[in-house]
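*Asks:*
In full-length UniProt numbering, the protein residues as written are 1 to 703.
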């Protein structure tokens with residue numbers, strides 16, 4: 001009996017060992033995405049049978065040291081593995097070899113498709129096998145549904161991205177050596193970059209050529225009983241009349257009796273509706289974040305990428321993608337998202353605020369669209385409910401995206417408006433007022449609300465009195481310089497560039513010192529104008545907005561399969577290459593004279609000059625490289641340092657171009673302040689921001 005039990009125990013032990021061996025041999029499905037953050041979020045939804053790893057972006061690209069394009073052989077690209085990615089590629093190959101199946105889940109756009117295509121090549125995957133998975137948002141249901149319907153790689157998307165990359169390489173690697181030869185090394189030019197720079201310079205030329213014209217306004221205040229309201233001079237005898245000078249203003253004042261009665265001759269009361277704006281595309285998000293949040297384009301895209309890839313919301317929820325894919329030019333909303341918004345709006349504010357009636361029960365299959373506007377993945381996750389889980393930048397941007405989307409699904413704002421015409425001796429004044437009657441979409445998007453300007457109850461035939469007049473001289477203003485928001489809008493309206501190109505384009509023209517930022521507006525530098533002049537004269541198509549837009553349209557046609565990429569590149573490059581040949585033989589060296597600083601070098605006595613560096617202008621010895629003396633350019637603000645009582649307070653900038661204020665005797669005196677000191681703050685003994693962190697920043701900036 002004991003023997004039998006022993007054998008049975010041995011069999012069970014062998015069986016357990018066998019089971020363990022089999023479990024070790026079970027292969028997992030491998031999923032490759034771009035970033036570790038995205039991998040972490042997706043792996044949570046797919047479960048234990050999947051392993052998700054990151055390629056850390058592109059793994060292959062054109063070489064940096066050579067053109068990398070065989071122009072004579074149908075522009076065949078010569079891709080190489082990106083330097084520094086050897087260990088990543090080795091790891092991916094090892095994981096792919098051990099996997100049951102490999103899925104490529106890079107972003108749902110041209111660039112994401114190209115990354116998947118390069119991975120397919122590196123890992124030697126069968127191009128006929130459906131292993132490409134795309135999704136517009138990183139949520140549980142969307143991810144699981146996407147893995148049910150993998151597809152093969154879309155070669156048209158790959159070709160469109162490849163054509164853009166090759167065109168940009170041909171332009172950059174053809175023009176840059178010419179700029180190095182004629183101006184200085186380190187310069188570059190590109191299709192979208194040159195158009196953007198051209199817009200900035202053209203606007204600057206308009207500003208410089210602008211001649212202001214004088215005009216006047218005659219604002220007046222009337223009163224009915226004790227209620228006052230504002231109005232403006234309109235004209236005479238029913239016709240609008242401008243006021244070009246003070247004489248015309250005085251002629252109006254002579255025609256009216258300031259102490260007499262003025263008659264309300266017309267009251268036009270109407271109800272006006274203001275419809276909500278559409279949800280964000282990439283460019284409208286960048287523009288609005290710039291104007292409302294003061295975010296630079298790069299900062300906006302960085303925060304949006306983090307919100308898309310996933311934020312850890314803590315226990316019970318974990319890592320979740322909060323917004324849909326942030327590179328899109330679509331304003332479409334899926335039926336699932338539309339219905340979820342209708343439910344939320346009905347429950348939160350009531351039926352009167354919702355554009356749509358929510359559908360009860362299960363939504364039809366396929367309701368999730370592939371390309372949508374930027375929106376929250378779950379409308380019930382309000383910004384305030386997760387504020388403690390987000391960084392300040394993430395919270396601000398998520399609040400903007402959430403509010404804009406919810407508002408887009410709500411009913412219009414309704415305003416009662418009134419336009420009143422006031423008359424005396426055929427002199428006409430106009431007053432306009434409005435008052436919110438129904439909040440509509442502004443309930444969710446308060447920043448879009450118009451300010452109430454209600455007029456008193458007025459009817460035709462009423463008599464009002466003039467309280468005061470305010471004649472004011474004005475001069476017409478030149479067009480404003482481009483902000484980041486305005487430049488992106490101009491590029492988009494003219495069909496130049498695409499959502500993914502705006503941030504790197506604006507970054508490039510700043511890094512090359514072609515432009516500088518002044519009061520959040522782009523100002524071209526001398527270097528930028530020199531480079532643009534050379535490109536405009538030698539390569540007119542590159543700076544031609546209509547031509548660049550037509551190339552973008554052709555790339556779009558490649559994307560949908562209506563055109564082949566090689567003829568598109570060929571039609572561009574053949575005439576361009578002739579321009580390059582001509583420029584190489586005709587362009588002469590441009591001599592850039594340094595501006596004299598008005599002082600001598602303290603080391604060798606030679607004149608100091610003003611030079612442009614990576615972080616802006618600085619003083620340098622004119623005998624460089626024989627004398628390498630340099631000095632930071634500082635701006636005194638006319639106040640004595642409160643700490644040492646010897647130095648002047650000067651304005652300085654950190655390497656990130658953030659302004660701060662410090663003592664001119666640094667490092668002997670380490671006074672520093674983020675905020676601009678005034679006589680009052682110094683008299684009070686307050687020095688805002690003068691902590692150790694600021695001292696370290698000052699030290700870093702002045703080295």
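Note that the Cβ used here is the ideal one computed from N, Cα and C, for glycine as well.
1. Answer with buried or exposed for residue 280, where buried requires no fewer than 16 other C-beta atoms within 10 angstroms of its C-beta.
2. Mind reading off the beta-carbon distance from residue 455 to residue 436? Whole number of angstroms is fine, and I expect it under 8 Å.
3. Given a cut-off of 8 Å on the beta-carbon distance, is the pair residue 448 and residue 486 in contact?
4. With burial defined as no fewer than 16 other Cβ atoms inside 10 Å of the residue's Cβ, what is the status of residue 326: buried or exposed?
5. Please state whether DSSP places residue 545 in a helix, a strand or coil.
6. Please classify residue 72: is it buried, with 16 or more other beta-carbons within 10 angstroms of its beta-carbon, or exposed?
7. Measure how close the beta-carbons of residue 503 and residue 298 come, nearest whole angstrom, since I'm counting them as under 8 Å.
8. How many angstroms separate the CA atom of residue 521 from the CA atom of residue 495?
9. Can you list, in chain order, the stretches of the alpha helix (DSSP H) that have 4 or more residues and sit fully within the segment 543-628?
10. If you compare alpha carbons, which of 648, 342, 336 and 643 is closest to residue 637?
11. What are the start and end residues of the alpha helix (DSSP H) that includes residue 103?
12. If contacts are defined as beta-carbon pairs under 8 Å, then residue 287 and residue 489 qualify, I think. What distance do you get, rounded to the angstrom?
13. Please report how far the alpha carbon of residue 627 lies from the alpha carbon of residue 633, in whole angstroms.
14. Answer with buried or exposed for residue 509, where buried requires no fewer than 16 other C-beta atoms within 10 angstroms of its C-beta.
15. Using CA atoms only, rank isn't needed, just tell me which of 117, 234 and 222 is closest to residue 427.
16. So residue 374 and residue 328 are supposed to be a Cβ contact under 8 Å. How far apart are they, rounded?
17. Please name the residue or residues paired with residue 218 in a DSSP beta bridge.
18. The beta strand (DSSP E) with residue 142 in it runs from where to where?
19. For residue 411 versus residue 353, is the C-beta spacing smaller than 8 Å?
20. Residues in its own chain within less than 7 Å of residue 321 by CB, not counting five upstream and five downstream?
21. Would you report the Cα separation of residue 29 and residue 302, rounded to the nearest angstrom?
22. State the DSSP-derived secondary structure class of residue 432, mapped to helix, strand or coil.
23. For residue 438, which beta-bridge partners are listed by DSSP?
24. Quick one: what does DSSP say residue 662 is sitting in, helix, strand or coil?
25. Can you tell me whether DSSP reads residue 399 as helix, strand or coil?
26. Can you confirm whether the segment 212-224 touches the segment 239-254 when touching is taken to mean that 3 or more C-beta pairs between the two stretches lie within less than 8 Å?
27. Assuming residue 283 and residue 536 form a contact by the criterion Cβ under 8 Å, report the distance between their Cβ atoms to the nearest whole angstrom.
28. Looking at C-alpha atoms only, which residue of 306, 291 and 556 is the closest neighbour of residue 395?
29. If you follow the beta strand (DSSP E) that residue 524 is in, where does it begin and where does it stop?
30. Residue 152 and residue 127 look like a contact to me (Cβ under 8 Å); what is the Cβ gap, rounded to whole Å?
31. Decide if residue 317 is buried, meaning its Cβ has at least 16 other Cβ atoms within 10 Å, or exposed.
32. From residue 347 to residue 143, what distance separates their C-alpha atoms?
33. What are the start and end residues of the alpha helix (DSSP H) that includes residue 91?
34. What three-state label does DSSP hand residue 63 in the structure shown?
35. For the alpha helix (DSSP H) that residue 194 lies in, which residues bound it at each end?
36. Measuring alpha carbon to alpha carbon, tell me which residue in 291, 465, 192 and 471 is nearest residue 223.
*Replies:* A quick look at the data gives this:
1. buried
2. Actually they do not touch by this definition, with Cβ atoms about 14 Å apart.
3. Going by C-beta atoms, residue 448 is not nearer than 8 Å to residue 486.
4. buried
5. helix
6. exposed
7. 5 Å
8. 22 Å
9. 545-559 and 565-586
10. 648
11. No alpha helix (DSSP H) contains residue 103, which is instead part of the beta strand (DSSP E) from 101-104.
12. 6 Å
13. 18 Å
14. buried
15. 234
16. 6 Å
17. 471
18. No beta strand (DSSP E) holds residue 142; the alpha helix (DSSP H) holding it covers 140-148.
19. Yes. Within cutoff.
20. 41, 137, 138, 139, 308, 309, 310 and 377
21. Near 30 Å, if we compare the C-alpha coordinates of residue 302 and residue 29.
22. strand
23. 414
24. strand
25. helix
26. yes
27. Their Cβ separation, rounded to whole angstroms, is 25 Å, which puts residue 283 and residue 536 out of contact at 8 Å.
28. 306
29. Annotation for residue 524: the continuous beta strand (DSSP E) segment containing it runs 521-524.
30. 7 Å
31. exposed
32. 28 Å
33. 86-98
34. coil
35. Note, residue 194: alpha helix (DSSP H), 191-209.
36. 465
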